[in-house]
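Protein sequences appear in the order of chains A and B. Be aware that the first sequence starts at 1048, since it is given in the working numbering, and climbs by one per residue. Be aware that the second sequence starts at -8, since it is given in the working numbering, and climbs by one per residue. For every residue, glycine included, the Cβ atom is placed at its ideal position computed from N, Cα and C. Notes follow once the structure below has been shown.
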Amino acid sequence: QQQVRQSPQSLTVWEGETAILNCSYENSAFDYFPWYQQFPGEGPALLIAIRSVSDKKEDGRFTIFFNKREKKLSLHITDSQPGDSATYFCAASTNNNNAPRFGAGTKLSVKP
Amino acid sequence: GGIITQTPKFLIGQEGQKLTLKCQQNFNHDTMYWYRQDSGKGLRLIYYSITENDLQKGDLSEGYDASREKKSSFSLTVTSAQKNEMAVFLCASSILWGGQDTQYFGPGTRLLVL
């Protein structure tokens, strides 16, 4: 059972556009949501994270929007660059020391 | 800063073979993890270790053994490789156990079973 779902599976945008990656979850106990970025041939690396007490977290061109009531969040990448082409994983965890749950990932391609 | 090293980078095995993957970290982190990454399925936890000589099963532990010989190293053994199996095995570490601490990942070992 997939506790964290991501959509779309793949996304292509043009350079300069805003890419929107979606994530939803089932367990209302999840309260920490990191996003990891993975380039081909490398392991994932933490990009940005949000806690459920916030509805928005911004870091440069990357912003997480969080809707606790709907159990949904999204990662917005503004002014997308070809170097942003990667797979993005949404993860979720609770505060009682359980392993994080990862979504299946969204593969983003940014065309110049 | 630190680094996680995984060996080998590529592993080709035969059906039924016992295969061992190794991971080393120099972050001095207490917790280490093994994940399996399949296309379209995200990352699934196989084993984790909270400290040296500790071992805990994840969701996908069947068919695998693990060993935390010392704080800096964590090994994973595929006990009997399955024909046509193809996956990437990722090792990670974090300061603390639990999903609220940043995990640092290695580059992965790519497994192909003929």
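Rank A:Ala1066, A:Asn1142, A:His1123 by C-alpha distance to the C-alpha of serine 1099 of chain A and give the top, closest one.
-> As a first step, residue 1099 of chain A must be located in the first sequence, where it is residue number 52. Nearest option by C-alpha distance: A:Asn1142.
Per-residue contacts from tyrosine 1135 of chain A into chain B (C-beta, under 8 Å) = One-based indexing of the first sequence puts residue 1135 of chain A at position 88. Under the 8 Å cutoff, chain B gives no residues; its nearest Cβ is about 11 Å from tyrosine 1135 of chain A.
Going along the chain, which unbroken runs of the beta strand (DSSP E) with 3 or more residues stay wholly within the segment 58 to 97 of chain B?
-> Runs of the beta strand (DSSP E) inside the segment 58 to 97 of chain B: 64 to 69, 77 to 85.
Indicate the three-state DSSP secondary structure (helix, strand or coil) for proline 1129 of chain A in the structure shown.
-> Here residue 1129 of chain A corresponds to residue number 82 of the first sequence, with the count starting at 1. Three-state result, proline 1129 of chain A: helix.
Just grab the DSSP bridge partners of aspartate 1106 of chain A for me.
-> On the first sequence, residue 1106 of chain A is found 59 positions in, with the first residue counted as 1. Note: aspartate 1106 of chain A sits in a beta bridge opposite A:Phe1109.
Quick one: Cα of glycine 1063 of chain A to Cα of phenylalanine 1109 of chain A, how far?
-> Start at 1 with the first residue of the first sequence, and residue 1063 of chain A comes out as number 16. Start at 1 with the first residue of the first sequence, and residue 1109 of chain A comes out as number 62. Going by C-alpha positions, glycine 1063 of chain A is about 13 Å away from phenylalanine 1109 of chain A.
Spatially closest choice to methionine 77 of chain B from B:Thr22, B:Cys14, B:Lys32, B:Lys13, by CA coordinates | Locating residue 77 of chain B in the second sequence gives position 86, counting from the first residue. Nearest of B:Thr22, B:Cys14, B:Lys32, B:Lys13 to methionine 77 of chain B, Cα basis: B:Lys32.
Minimum Cβ-Cβ distance from valine 1176 of chain A to chain B less than 9 Å | This structure cannot speak to residue 1176 of chain A, because chain A is shown only from 1048 to 1159.
Could one say the Cβ of alanine 32 of chain B lies closer than 9 Å to chain A's Cβ atoms, at least one of them?
-> Position 41 of the second sequence, counted from the start, is the residue given in the question as residue 32 of chain B. The sequence as given places lysine at residue 32 of chain B; alanine does not occur at that position. So yes, lysine 32 of chain B belongs to the interface.
Neighbour-count burial assignment, tryptophan 1082 of chain A, 16 or more Cβ in a 10 Å radius = The residue labelled residue 1082 of chain A in the question sits at position 35 within the first sequence. Buried, because 16 or more other Cβ atoms sit within 10 Å of the Cβ of tryptophan 1082 of chain A.
For alanine 1237 of chain A, the three-state DSSP class (helix, strand or coil) | In the structure as shown, chain A starts at 1048 and stops at 1159, and residue 1237 of chain A therefore has no counterpart that could be examined.
Are the beta-carbon atoms of lysine 1103 of chain A and tyrosine 1072 of chain A separated by less than 9 Å?
-> Against the first sequence, residue 1103 of chain A aligns to sequence position 56. Against the first sequence, residue 1072 of chain A aligns to sequence position 25. Cβ distance not < 9 Å, so lysine 1103 of chain A and tyrosine 1072 of chain A don't count as in contact.
Which listed residue (A:Glu1105, A:Gly1088, A:Lys1154) has its alpha carbon closest to that of serine 1132 of chain A | Numbered from 1 along the first sequence, position 85 holds the residue referred to as residue 1132 of chain A. Nearest option by C-alpha distance: A:Lys1154.
Identify every residue that forms a DSSP beta bridge with histidine 1123 of chain A.
-> Within the first sequence, residue 1123 of chain A is the residue found at index 76, counting from 1. According to DSSP, histidine 1123 of chain A bridges with A:Ile1067, A:Thr1110.
Of the listed residues A:Ser1156, A:Ala1092, A:Val1157, A:Arg1148, nearest to alanine 1076 of chain A (C-alpha basis) = Here residue 1076 of chain A refers to the residue found at position 29 of the first sequence. For alanine 1076 of chain A, the closest C-alpha among the options A:Ser1156, A:Ala1092, A:Val1157, A:Arg1148 is that of A:Arg1148.
With 9 Å as the threshold, decide whether the Cβ of proline 1055 of chain A is near any Cβ in chain B.
-> As a working note, residue 1055 of chain A is residue 8 in the first sequence. No, no contact with chain B.
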